[in-house]
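Worksheet: the structure to be examined is printed underneath.
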Amino acid sequence: MKIGLYTPYLDTFGGGERYMLAIAEILSKKGDVDILLDQHLEDMNPKKIIKVSQDRFNLDLSKVRLVKAPLGKGSNLIKRNIFLKKYDLLIYLTDGSIFYSTAKKSIIHIQSPLINPKINNIWNKVKLRSWDLIVYNSNFTKENAEKYWKLRSKVIYPPVDVKNIKPFKKEKIILSVGRFFGYLKDEQSSSSNKKHELLISEFKKLVDGKSLDDWSLYLAGSASEGDKEYIEHLKKLSEGYKIYLMPNLNFSELIKLYGDASIYWHALGYGEDNPTKLEHFGITTVEAMSAGCVPVVINKGGQKEIVKHWESGFLWNDTKELKELTLKLINDNKLLEKLSKGAINRSRNFSKEKFQNEILGLL
């Protein structure tokens with residue numbers, strides 16, 4: 001079986017790329033898998049991208065091939081149609097754009113609520129009919145996108161390596177994991193904004209209010225060369241407090257941090273109503289939960305599908321609740337232990353094994 005996977009932003013190491021490469025790992029055991037490269041990706045040292053992805057996401061991509069393809073901006077329609085015909089299965093992580101597929105079976109993956117009225121024009125409708133199925137990463141994404149993307153669909157939650165993420169001896173650490181985007185400052189409302197400034201501010205308020213005893217805040221996530229200035233800005237905001245920025249940890253280092261941390265914070269979507277600016281699922285929340293790290297996360301987007309309030313963590317609606325719920329855990333060890341166990345149990349609903357079974361069911 002010949003399988004092609006295409007994600008236009010392979011070099012961003014985001015949740016969508018992780019999802020697609022997890023599919024590549026699974027399907028490479030069942031057939032020949034090609035990661036398709038448009039001209040942009042061909043110019044970006046794709047072998048290095050795959051190597052970094054393997055290390056960062058703990059994936060085995062040794063059987064996957066990198067293949068240049070007539071896809072993306074400026075590609076030739078006729079060449080593309082001929083090229084794609086050789087694939088038994090094509091899976092495409094769309095950024096909102098669509099092309100005509102000539103593969104035997106074609107699946108679109110949507111990671112975020114792509115609100116795109118243009119998808120319903122005549123030509124795009126024709127292109128969409130060449131695809132067989134849309135796979136969404138959450139019910140939240142599906143509910144906000146399906147009225148535009150009118151095609152048979154199903155939800156497959158992203159995989160979490162829950163077997164290899166374990167709790168260690170818990171320390172007085174609050175953790176948040178999310179990409180550092182230097183060009184997306186917190187005051188600029190953005191779908192990729194992980195609200196680092198907000199979390200730093202709320203932690204400082206807790207410390208200044210004498211509510212924390214030797215607790216630390218760790219902010220981890222991927223970063224590129226262009227994000228250095230933003231990280232330095234966050235470091236300046238953190239001066240005088242036990243706040244540590246941890247960019248570009250490898251998977252084993254991140255697992256250690258999950259295992260050590262007691263509480264997990266997540267704030268993406270705070271102050272936002274536009275569904276594109278909320279967390280579409282929340283894979284780092286699940287990873288933290290699998291390590292017994294109790295989530296205290298915003299009551300919006302995909303987070304609501306992960307965390308059961310008072311059973312496996314807390315959901316908050318404003319920063320007052322964020323601080324109050326955090327203090328409940330800090331001041332009540334029995335509650336912290338109870339919700340830690342609940343978080344571990346809940347995380348098993350999002351295992352790699354479950355994801356693998358659902359992906360193989362698409363063949």
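Note that the UniProt record's numbering numbers the sequence shown so that position 109 is 109, with each residue one more than the last. The C-beta atom is built at its ideal place from N, Cα and C for all residues, glycine as well.
What distance in whole Å lies between the Cβ atoms of residue j and residue i, which are believed to be in contact at a cut-off of 8 angstroms?
i: L335; j: K341; result: Contact doesn't hold; Cβ gap of about 11 angstroms is too wide.
i: V33; j: R65; result: 7 angstroms
i: residue 413; j: E143; result: Here the chain comprises residues numbered 1 to 363, so residue 413 is not present and cannot be evaluated.
i: P159; j: S351; result: 7 angstroms
i: L37; j: K68; result: 5 angstroms
i: L77; j: I49; result: No, L77 and I49 are not in contact; Cβ-Cβ is about 27 angstroms, not under 8 angstroms.
i: N248; j: S222; result: 6 angstroms
i: L71; j: E25; result: So it is not a contact: roughly 21 angstroms between Cβ atoms.
i: I156; j: E358; result: 5 angstroms
i: I115; j: L128; result: I115 to L128, Cβ: 15 angstroms. No contact.
i: S262; j: K172; result: 7 angstroms
i: I231; j: F181; result: Not quite, the Cβ-Cβ distance comes to about 10 angstroms (not below 8 angstroms), so this is no contact.
i: S101; j: W131; result: 6 angstroms
i: K204; j: K323; result: Not really, about 11 angstroms apart at Cβ, beyond 8 angstroms.
i: N301; j: E279; result: Reading off the sequence shown, one finds Gly at residue 301, where the question assumed Asn. That belief holds up - the Cβ atoms of G301 and E279 are roughly 4 angstroms apart, short of 8 angstroms.
Using the three-state DSSP reduction, which class does residue i fall into: helix, strand or coil?
i: L198; result: helix
i: D34; result: strand
i: V286; result: helix
i: R152; result: coil
i: R179; result: coil
i: W316; result: strand
i: L278; result: coil
i: I49; result: helix
i: N116; result: coil
i: I98; result: coil
i: K236; result: helix
i: G302; result: coil
i: F203; result: helix
i: G15; result: helix
i: G74; result: coil
i: S189; result: For S189, the predicted model reports a pLDDT of 40, less than 50, meaning its position is unreliable; a value from the coordinates is still stated below. In the structure shown, S189 sits in coil (DSSP, three-state: anything other than H, G, I, E or B).
i: A291; result: coil
i: Y230; result: helix
i: G209; result: coil
i: R56; result: helix
i: S340; result: helix
i: N121; result: coil
i: A103; result: coil
i: S252; result: helix
i: N144; result: helix
i: D260; result: helix
i: M1; result: coil
i: I165; result: coil
i: K85; result: coil
i: R129; result: coil
Where DSSP assigns a beta bridge to residue i, which residues make up the other side?
i: W265; result: V296
i: F355; result: Paired residue(s): none; F355 is not in a bridge.
i: M246; result: A220
i: V135; result: H109 and K154
i: L65; result: For the record, residue 65 in the displayed sequence is Arg; it is not Leu. Paired residue(s): D34.
i: Y6; result: Y92
i: V160; result: S351
i: H309; result: G313
i: I173; result: S216
> So does the segment 264–271 actually touch the segment 123–134, counting three or more Cβ pairs closer than 8 angstroms?
Replying inline: Between the segment 264–271 and the segment 123–134, the count of Cβ pairs shorter than 8 angstroms is below three; the stretches do not touch.
Pair every Cβ in the segment 281–298 with every Cβ in the segment 309–316, then say whether three or more of these pairs are closer than 8 angstroms.
In short, these stretches touch, since the Cβ pair count reaches three.
At least three beta-carbon pairs within less than 8 angstroms, the segment 83–97 to the segment 3–16: Because the criterion of three Cβ pairs below 8 angstroms is met, the segment 83–97 and the segment 3–16 touch.
* Decide yes or no for the touch test of the segment 135–145 against the segment 93–111: beta carbon pairs closer than 8 angstroms, at least 3 of them. => Yes, the segment 135–145 touches the segment 93–111.
Contact between the segment 236–247 and the segment 276–292: three or more CB pairs below 8 angstroms?
No, the segment 236–247 is not in contact with the segment 276–292.
| Per the contact definition of three or more C-beta pairs closer than 8 angstroms, is the segment 316–325 in contact with the segment 274–284? | They do not touch, by the three-pair rule.
**Message:** Check whether the segment 14–21 and the segment 50–70 are in contact - that is, three or more C-beta pairs closer than 8 angstroms.
**Reply:** Verdict: yes, contact present.
Cβ pair count under 8 angstroms reaching 3, the segment 165–176 against the segment 247–264: Yes, the segment 165–176 touches the segment 247–264.
Do three or more CB pairs link the segment 174–181 to the segment 194–203 at distances below 8 angstroms? As far as the Cβ criterion goes, the segment 174–181 touches the segment 194–203, which means the pair count is three or higher.
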